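J.:
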Amino acid sequence: MITLIAELNYRAYWHVISYFREDNFLSHPDNIFPMPLELNMICLPAESEQSPHGLPPVANPQQWLPEDLGADEASVHALLKAAESFG
2 MITLIAELNY RAYWHVISYF REDNFLSHPD NIFPMPLELN MICLPAESEQ SPHGLPPVAN
62 PQQWLPEDLG ADEASVHALL KAAESFG
């Protein structure tokens with residue numbers, strides 16, 4: 002799919018969402034999700050001047066973000082914080 006997106010002349014960015022928010026509606030303090038991430042891609046036409054602030058670009062068709070982050074808890078934490086900042 003990433004190859005097709007590039008062939009269609011789009012730029013792709015990883016968009017990571019956290020399922021848990023500390024300021025949730027019921028103020029429930031416990032995160033019940035074992036892996037609280039949803040991984041999406043946001044794609045923009047290559048000619049667009051828009052750039053999604055703070056989202057990491059998809060580097061190449063072979064990149065699969067979770068594997069790239071697997072051993073780096075700091076990066077996972079940073080992505081969670083970025084996901085939470087979109088509110």
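Per our numbering, the very first residue in the sequence shown carries number 2; after that it's consecutive.
Positions of the beta carbon are idealized from the N, C-alpha and C atoms, including for glycine.
These figures come from a predicted structure and were not determined experimentally.
#1: Less than 6 Å between C-beta atoms, sequence neighbours within five positions excluded: which residues of the same chain meet that for Phe34?
#2: Given a cut-off of 8 Å, decide if Glu39 and Ile6 are closer than it, judged by their beta-carbon atoms.
#3: Among residues of its own chain, excluding the 5 on either side of Val59, which ones have a beta-carbon nearer than 7 Å to its beta-carbon?
#4: Quick one, which of Asp31, Pro46, Pro53 and Asp24 has its alpha-carbon nearest Asn10's?
#5: Which partner residues of Val59 appear in the DSSP bridge assignment?
T.: In short:
#1: If you number the sequence shown from 1, residue 34 lands on position 33. The beta carbon of Phe34 sits closer than 6 Å to the beta carbons of Tyr20 and Phe21 from its chain, once the five residues preceding and following it are set aside; these are given in chain order.
#2: Counted from its first residue, the sequence shown places residue 6 at position 5. Counted from its first residue, the sequence shown places residue 39 at position 38. Contact: no.
#3: Walking along the sequence shown from the start, residue 59 turns up at place 58. The answer, listed in chain order, is Ile3, Ala13, Tyr14, Trp15 and Met42.
#4: Working through the sequence shown from its first residue, we reach residue 10 at position 9. Taking Asn10 as reference, the option from Asp31, Pro46, Pro53 and Asp24 with the minimal CA-CA separation is Pro46.
#5: The residue given as residue 59 occupies position 58 in the sequence shown. Val59 pairs with nothing; no bridge assigned.
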